[in-house]
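Here's the structure we're looking at; comments come further down.
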Amino acid sequence: MPRTASFYCFATLPDCTALAAPLRVLCTALDVRGNILLAPEGVNGSIAGQADAVQQVLDHLRANPRLARLAVRSAECTSVPLHRLKVRCKREIVTLGVPGLDPVGQTGVHVPPAQWNALLQRPGLVLLDVRNGYEVTVGSFAGAVDPQTAAFTDWPAWIADQSQPGGLLQGQPAVAMFCTGGIRCEKASALLRAQGFGEVYQLEGGILNYLEQVAPEHSRWQGECFVFDERVAVGHGLAAGSHSLCRSCRQPLSAADRASPLFVEGVQCAHCAAQRDETQRAGYRERQRQMELAAARGRAHIGLPDPA
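Right, dumping it as structure tokens:
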């Protein structure tokens, strides 16, 4: 049975480049696909493959004492939702662009899903969605503030702006935050702590952990949760959601989005139709045709490069 696994660990890895090659060789040999980032601050990745193969990759990572605390979220899937393998070295495993933060020793208080609802009842608490705007449109917690950021690197500027007189964070109130799997909150909370915020809380394991553990009848989550693989979105119990992905602009699409007269499967949606010329549309149509042919033959299709 195929499995997916998302994982991260903040650790000191000055030799991250040397760690990449054997990891790439192992994943290739096991036919494990996905994206793995290594950086001097740790590792972050999402992989998929047969269950025993995925476990071998996780065991390989944890065999490094510095990665023994690797946080992992794994789930069964009916087919492998990742089509390529990329093992890369970067400056950060989740790019915020603020040097000197300590996402190991100076983060927010990790709140388990079972205690999250009670925390949200606290008067004066500011609840922040740390994800990007297009993710928030798919679903979020009731009462959460959407910073409407296009990228995580926009987060520091938003915090600085909202900390000014009259801003949402003026006076450094108690803050609770959440993201998909927890990794962005490690850095976002470290930033607030570094700026002097005394009470910072973060959802342990992120939204996915909450949806897996909290029953729908007790949940404060509204909608679905965007995920970065072919599932596109999941709901409670991590069941497959109803959203799909525009293959042109990569925006998540609801049933209403797909009902738009501007939507053409694999070619465009209402978000990007005005930004595409006929040459680009022709390229996307050809890619969609190739994908449909591959599906009819029972073959996986990893897609073609985006048309220029």
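Just so you know, the sequence shown maps onto residues -20 to -1, 1 to 288 in mature numbering (1 follows the signal peptide of the UniProt record, and there is no 0). Even glycine gets a Cβ: it sits at the ideal position worked out from N, Cα and C.
Does DSSP classify residue i as helix, strand or coil?
i, result
"K66", "strand"
"G113", "helix"
"S224", "strand"
"Y143", "The amino acid at residue 143 is misidentified as Tyr; the sequence shows Ser. It is coil, neither helix nor strand."
"L188", "helix"
"G263", "helix"
"S169", "helix"
"G88", "coil"
"A213", "strand"
"C(-12)", "strand"
"F132", "helix"
"V78", "coil"
"A48", "coil"
"L99", "helix"
"A253", "helix"
"L(-2)", "helix"
"L284", "Confidence is the limiting factor: at L284 the pLDDT is only 40, short of 50, which leaves the residue's position unreliable and the question unanswerable from this model."
"Q193", "helix"
What are the partner residues of residue i, as DSSP defines its beta bridges?
i, result
"L17", "N24, R68"
"R(-18)", "G29, E56"
"E232", "In the sequence under discussion, the amino acid at residue 232 is Pro, which differs from the Glu named in the question. Bridge partners of P232: L225."
"V155", "V106, V180"
"W201", "F121"
"V244", "Q248"
"F206", "A213"
Decide if residue i is buried, meaning its Cβ has at least 16 other Cβ atoms within 10 Å, or exposed.
i, result
"P93", "buried"
"E197", "exposed"
"V37", "buried"
"L47", "buried"
"residue 295", "This structure cannot speak to residue 295, because the chain is shown only from -20 to 288."
"residue 291", "One cannot answer for residue 291 here, as it falls past the ends of the chain, which runs -20 to 288."
"L242", "exposed"
"P232", "buried"
"D257", "exposed"
"V5", "exposed"
"P127", "buried"
"A288", "With a pLDDT of only 38 at A288, under 50, the local geometry of the prediction cannot be trusted, and the value read off the model is given with reservation. Exposed is the call here."
"S228", "buried"
"residue 289", "Any property of residue 289 remains undetermined from this structure, which presents the chain solely from -20 to 288."
"G176", "exposed"
"residue 305", "Residue 305 cannot be examined here, being either before or after the span of the chain that is shown, -20 to 288."
"G147", "exposed"
Is the shortest distance between the beta-carbon of residue i and the beta-carbons of chain D less than 8 angstroms?
i, result
"Y114", "Any reference to chain D falls outside this structure, which holds one protein chain only."
If you draw a straight line from the C-alpha of residue i to the C-alpha of residue j, how long is it?
i, j, result
"L183", "T259", "45 angstroms"
"R64", "G29", "11 angstroms"
"V49", "R42", "One point to set straight first is that residue 49 is Arg, not Val, in the sequence displayed. So the two alpha carbons sit approximately 7 angstroms from each other."
"G246", "A130", "23 angstroms"
"P(-19)", "A9", "16 angstroms"
"R173", "G88", "7 angstroms"
"G119", "F158", "12 angstroms"
"A140", "G80", "17 angstroms"
"I163", "Q270", "36 angstroms"
"P83", "A170", "6 angstroms"
"L3", "P61", "20 angstroms"
"T75", "L107", "22 angstroms"
"K70", "S26", "16 angstroms"
"A262", "N44", "48 angstroms"
"S59", "Q101", "40 angstroms"
"A254", "H40", "47 angstroms"
"R265", "E272", "11 angstroms"
Just to check my reading of the structure: residue i and residue j have Cβ atoms closer than 8 angstroms, yes? What is that Cβ distance to the nearest angstrom?
i, j, result
"F206", "E115", "4 angstroms"
"T160", "L188", "6 angstroms"
"W138", "A168", "At roughly 10 angstroms, the Cβ-Cβ gap does not stay under 8 angstroms, so W138 and A168 are not in contact."
"E204", "S222", "7 angstroms"
"D237", "A250", "6 angstroms"
"L(-2)", "L17", "Between L17 and L(-2) the Cβ distance is about 11 angstroms, and since that is not below 8 angstroms, they are no contact."
"L225", "V244", "Not confirmed; about 14 angstroms, so no contact."
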